[in-house]
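Under numbering that gives the first Met the number 0, the first residue of the sequence shown is numbered 0, with each subsequent residue one higher.
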Amino acid sequence: MLFMPSEPPTSNEPSGQNEPSGQHEPSGPSDSSTSSESRTSNEPPASSESSPSSEPPTSAEAPASSGPSEPDGPSRTGAPTRPIEPPLPSEPPRPSVLPQSGGSPQSGEPTRPIGQPAGPGGAPAPERGSARQPAVWLAGGAFLLALAALVVAVTRDGGSSEPEVTAGATTAGPRESVISPTSDEPSVLPTRTAAPEPAPTEHATSGSVPEAAVTCPAASVKVSDATTLEQALAQARPGDSIALANGVYAGNFTAEVSGTAEKPIFLCGSAGAVVDGGDTDDGYAFHLDRVSNWRLVGFTVRNAQKGVMADGTVGTVIQGLTVEQIGDEAIHLRNFSSDNMVRDNTIRDTGLRREKYGEGVYIGTSKSNWCTVSDCKTDASDRNVVLGNDIRDTTAESIDIKEGTSDGKVIDNTFDGSKLSGSHNNDSWVDVKGNGWLLQGNTGSNSPEDGFQTHQLVNGWGTGNIFKDNTANVDGPGYGFHLTTDGNKVTCDNKAKDAGEGLANVDCAS
Numbered sequence: 000m001l002f003m004p005s006e007p008p009t010s011n012e013p014s015g016q017n018e019p020s021g022q023h024e025p026s027g028p029s030d031s032s033t034s035s036e037s038r039t040s041n042e043p044p045a046s047s048e049s050s051p052s053s054e055p056p057t058s059a060e061a062p063a064s065s066g067p068s069e070p071d072g073p074s075r076t077g078a079p080t081r082p083i084e085p086p087l088p089s090e091p092p093r094p095s096v097l098p099q100s101g102g103s104p105q106s107g108e109p110t111r112p113i114g115q116p117a118g119p120g121g122a123p124a125p126e127r128g129s130a131r132q133p134a135v136w137l138a139g140g141a142f143l144l145a146l147a148a149l150v151v152a153v154t155r156d157g158g159s160s161e162p163e164v165t166a167g168a169t170t171a172g173p174r175e176s177v178i179s180p181t182s183d184e185p186s187v188l189p190t191r192t193a194a195p196e197p198a199p200t201e202h203a204t205s206g207s208v209p210e211a212a213v214t215c216p217a218a219s220v221k222v223s224d225a226t227t228l229e230q231a232l233a234q235a236r237p238g239d240s241i242a243l244a245n246g247v248y249a250g251n252f253t254a255e256v257s258g259t260a261e262k263p264i265f266l267c268g269s270a271g272a273v274v275d276g277g278d279t280d281d282g283y284a285f286h287l288d289r290v291s292n293w294r295l296v297g298f299t300v301r302n303a304q305k306g307v308m309a310d311g312t313v314g315t316v317i318q319g320l321t322v323e324q325i326g327d328e329a330i331h332l333r334n335f336s337s338d339n340m341v342r343d344n345t346i347r348d349t350g351l352r353r354e355k356y357g358e359g360v361y362i363g364t365s366k367s368n369w370c371t372v373s374d375c376k377t378d379a380s381d382r383n384v385v386l387g388n389d390i391r392d393t394t395a396e397s398i399d400i401k402e403g404t405s406d407g408k409v410i411d412n413t414f415d416g417s418k419l420s421g422s423h424n425n426d427s428w429v430d431v432k433g434n435g436w437l438l439q440g441n442t443g444s445n446s447p448e449d450g451f452q453t454h455q456l457v458n459g460w461g462t463g464n465i466f467k468d469n470t471a472n473v474d475g476p477g478y479g480f481h482l483t484t485d486g487n488k489v490t491c492d493n494k495a496k497d498a499g500e501g502l503a504n505v506d507c508a509s
């Protein structure tokens, strides 16, 4: 029996049959007009070229003229058949726009693609190369499993490079670790994440300082050079006590982290620990920048345009420092710095840059600088206390109290005005232009004009101040107490000696 040859495969066989489906790159929306090459699913879609009958023809019903032979399978008689060379087709087959494999959507039976030989029972015969498909599928399955495992691993990790921190854990380093020093003596300093800075306030909030002198607690941080001092200041936390070893700390240093009322931050040293700004024409040797609750105790500050500058500082004690060889003023509280204590300091040799700016202690800001320093607002640096300081050899006032400040105290200080310039109104130990200050128990000597003065540079300021139990050894042509504004009081327990004009220009009161 002669069998008709099978048709050769058509050109619309889908390419890439061995590629696994389900690639990790997302596919776009399906398009019925695209070729089978664009599909990534391994589920065979139905073909529109399938037999119209829902039942595939049996071998007895298959017409000899149109049914394809089975080139690789047995014949219907059981004898093997020899492949016959196919004749050239009279008309090239039309390419199908649908995939060449799949089942009938109506019957669920597999449909034979156009041009593919029929297998037993009319089912499609295996395609050439189909023996390789199981291996390809296995490889594709392995690839998909590996890809899924990778996705799960990445999902669990979250894609983050940050270390996971469990409850109670910390990323901070030990509080006591050795930092390579720049001097022969090792410094001990915690290496830790800097504490977050408190948000700066527009002006200082109220605070309090102890009435008694403070005592430095045992050191929790020890430094011996400028580098480790800078690190200690940057990493400071409430309750820290930073100890300065004797030596020179060259540079300009800034505190920008706050303590608390219960846990202030201490910076302590002896007079042999010297913070040296290096140039009386520039910079602040030590800057308290919008902080609260610091204790600066015992060390020396020298060689800077300004010695200790406090901007927006609250509840801080500056105690027992030696501040000397300064270009302008030695200690300055400004920009809403309130509720601070400046006590038991030794201040000398100021005004080396410009004598008109050589005050010992300066409270507040001149009205002419309010827009520069305090956003054009009155610099209300209030309730500050200046207590027990020894101030001498300053070219401007020992203490200058500016307009806009209120309710402070100047108590038990000692002044020597031997180097007062006498120019630019620098002709007294203390000049009060604020309101409601108490000046009590102070002693001054050697003035080119007066001992104590008041002035009104802004309407409503320079009044309500009380001078009580002070001693003015003027040794000059003016008054012990020269009050140029109304509303101030000089009690009768004040004393003046060698004052050309006498005790005061107003009557004393009890």
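Don't be surprised by glycine CBs; every beta carbon is placed ideally from N, CA and C.
Can you tell me where the beta strand (DSSP E) with Leu482 in it begins and where it stops?
-> Stepping through the sequence shown from its first residue, residue 482 is reached at position 483. Here the beta strand (DSSP E) through Leu482 covers 478-482.
Beta strand (DSSP E) runs contained entirely in the segment 401-432, provided each spans 3 or more residues | 408-410, 413-415, 429-431
In chain order, which continuous runs of the beta strand (DSSP E) of length 3 or greater are located wholly inside the segment 258-346?
-> 264-267, 272-275, 283-288, 293-296, 299-303, 305-310, 316-318, 321-325, 330-333, 340-342
When we look at the beta-carbon of Asp281 and count the other beta-carbons within 10 Å, is it buried (16 or more) or exposed?
-> Translated into positions along the sequence shown, residue 281 becomes position 282. Exposed.
Give the single residue among Val341, Thr253, Asn412, Asn504 whose Cα lies nearest to the Cα of Gly440.
-> To locate residue 440, count along the sequence shown from 1; it is residue 441. Gly440 has its Cα closest to that of Asn412, out of Val341, Thr253, Asn412, Asn504.
Going by alpha carbons, who is nearest to Thr345 out of Val213, Ala254, Gly297?
-> The residue you call residue 345 lines up with position 346 of the sequence shown. When only C-alpha atoms are compared, the closest one is Gly297.
Three CB pairs or more closer than 8 Å across the segment 380-392 and the segment 449-460 | no
Length of the line joining the Cα atoms of Thr226 and Val208 = Residue mapping note: residue 226 aligns to position 227 of the sequence shown, counting from 1. Residue mapping note: residue 208 aligns to position 209 of the sequence shown, counting from 1. C-alpha separation (whole angstroms): 30 Å.
With distances taken Cα to Cα, identify the nearest neighbour of Asn302 among Val273, Asp288, Leu295, Thr315.
-> Along the sequence shown, one-based indexing puts residue 302 at 303. Checking every option, the nearest Cα to that of Asn302 belongs to Val273.
Inter-residue CB distance, Lys432 and Lys401 (contact presumed, cutoff 8 Å) = Here residue 432 corresponds to residue number 433 of the sequence shown, with the count starting at 1. Here residue 401 corresponds to residue number 402 of the sequence shown, with the count starting at 1. So it is a contact: roughly 6 Å between Cβ atoms.
Is Ala495 buried or exposed, if buried means 16 or more other CB atoms sit within 10 Å of its CB?
-> Position 496 of the sequence shown, counted from the start, is the residue given in the question as residue 495. Classification for Ala495: buried.
If you run the structure through DSSP and keep just helix, strand and coil, what is Gln234?
-> What you label residue 234 is simply residue 235 of the sequence shown in a count that begins at 1. In this structure, Gln234 counts as coil in the three-state DSSP scheme.
Mind checking Asn425: buried by the 16 CB within 10 Å criterion, or exposed?
-> Position 426 of the sequence shown, counted from the start, is the residue given in the question as residue 425. Buried, by the Cβ-count rule.
Among Lys488, Glu396, Ser367, Pro447, which residue has its Cα nearest to the Cα of Trp436?
-> As a working mapping, residue 436 is identified with position 437 in the sequence shown. Of the listed residues, the one whose Cα sits closest to Trp436 is Lys488.
Three-state secondary structure assigned by DSSP to Thr462 | Locating residue 462 in the sequence shown gives position 463, counting from the first residue. Coil.
With C-beta atoms as the reference, is Val505 less than 7 Å away from Leu482?
-> Here residue 505 refers to the residue found at position 506 when the sequence shown is read from its first residue. Here residue 482 refers to the residue found at position 483 when the sequence shown is read from its first residue. A contact, by the Cβ cut-off of 7 Å.
Would a C-beta distance cut-off of 7 Å place Phe265 and Ser291 closer than the cut-off?
-> Translated into the one-based positions of the sequence shown, residue 265 becomes position 266. Translated into the one-based positions of the sequence shown, residue 291 becomes position 292. Cβ atoms of Phe265 and Ser291: not closer than 7 Å.
6 Å Cβ shell around Ala168 - same chain, five flanking residues per side excluded = Stepping through the sequence shown from its first residue, residue 168 is reached at position 169. Unreliable placement is indicated for Ala168, whose pLDDT of 35 sits below 50; the coordinate value is still reported in the next sentence. So the list is empty, once near-sequence residues are dropped.
Cutoff 6 Å; reference Val316; Cβ partners in own chain excluding five residues on either side | For the purposes of this step, residue 316 is identified with residue 317 of the sequence shown, where counting begins at 1. Closer than 6 Å at the Cβ level, and outside the excluded window around Val316, lie Val208, Val213, Arg294, Met340.
Boundaries of the alpha helix (DSSP H) in which Val385 is found, first to last residue = The residue given as residue 385 occupies position 386 in the sequence shown. Per DSSP, Val385 belongs to no alpha helix (DSSP H); it is in the beta strand (DSSP E), 384-386.
CB contact flag (Arg333, Thr364, <7 Å) = The count along the sequence shown starts at 1 and reaches residue 333 at position 334. The count along the sequence shown starts at 1 and reaches residue 364 at position 365. Yes.
Name the DSSP bridge partner or partners of Gln452?
-> As a first step, residue 452 must be located in the sequence shown, where it is residue number 453. BP columns for Gln452 point to Asp430, His481.
Do you know how far the Cα of Ser446 is from the Cα of Gly499?
-> Residue 499 sits at position 500 when you count from the first residue of the sequence shown. Residue 446 sits at position 447 when you count from the first residue of the sequence shown. Each residue's Cα considered, the two are about 11 Å apart.
Compute the Euclidean distance between the alpha carbons of Asp374 and Asp497, then round it to the nearest angstrom.
-> In the sequence shown, residue 374 corresponds to position 375, counting from 1. In the sequence shown, residue 497 corresponds to position 498, counting from 1. Near 44 Å, if we compare the C-alpha coordinates of Asp497 and Asp374.
Are Ser223 and Ala254 closer than 7 Å when you measure CB to CB?
-> The count along the sequence shown starts at 1 and reaches residue 223 at position 224. The count along the sequence shown starts at 1 and reaches residue 254 at position 255. No.
Bounding residues of the alpha helix (DSSP H) (the contiguous stretch that carries Val372) = Translated into positions along the sequence shown, residue 372 becomes position 373. Val372 -> alpha helix (DSSP H) spans 369-372.
Helix, strand or coil for Gly21 per DSSP?
-> For the purposes of this step, residue 21 is identified with residue 22 of the sequence shown, where counting begins at 1. At Gly21 the pLDDT is 40, less than 50, meaning the model places this residue with poor confidence; the figure from the coordinates comes in the next sentence. If DSSP states are grouped into helix, strand and coil, Gly21 belongs with coil.
Report yes if the CB atom of Asp348 is closer than 7 Å to the CB atom of Glu323, and no otherwise.
-> Counted from its first residue, the sequence shown places residue 348 at position 349. Counted from its first residue, the sequence shown places residue 323 at position 324. Contact flag set, yes.
Roughly how many whole angstroms lie between the Cα atoms of Thr404 and Asp275?
-> The count along the sequence shown starts at 1 and reaches residue 404 at position 405. The count along the sequence shown starts at 1 and reaches residue 275 at position 276. Going by the C-alpha atoms only, they are around 30 Å apart.
Which listed residue (Arg353, Ala270, Thr393) has its alpha carbon closest to that of Val360 = Sequence index remark: in the sequence shown, residue 360 carries index 361 (1-based). Looking at the Cα atoms, Thr393 is the closest of the given residues.
Looking only at its own chain, which residues have a Cβ that is under 7 Å from the Cβ of Leu144, when we skip the five neighbours before and after it?
-> Here residue 144 refers to the residue found at position 145 when the sequence shown is read from its first residue. Result list for Leu144: empty, nothing under 7 Å.
Simplified DSSP state of Thr490, which is helix, strand or coil = Numbered from 1 along the sequence shown, position 491 holds the residue referred to as residue 490. Of the three classes helix, strand and coil, the one that applies to Thr490 here is strand, per DSSP.
How big is the Cα-Cα spacing for Gly486 and Gly501?
-> Mapped onto the sequence shown, residue 486 falls at position 487. Mapped onto the sequence shown, residue 501 falls at position 502. Distance between the alpha carbons of Gly486 and Gly501 is about 20 Å.
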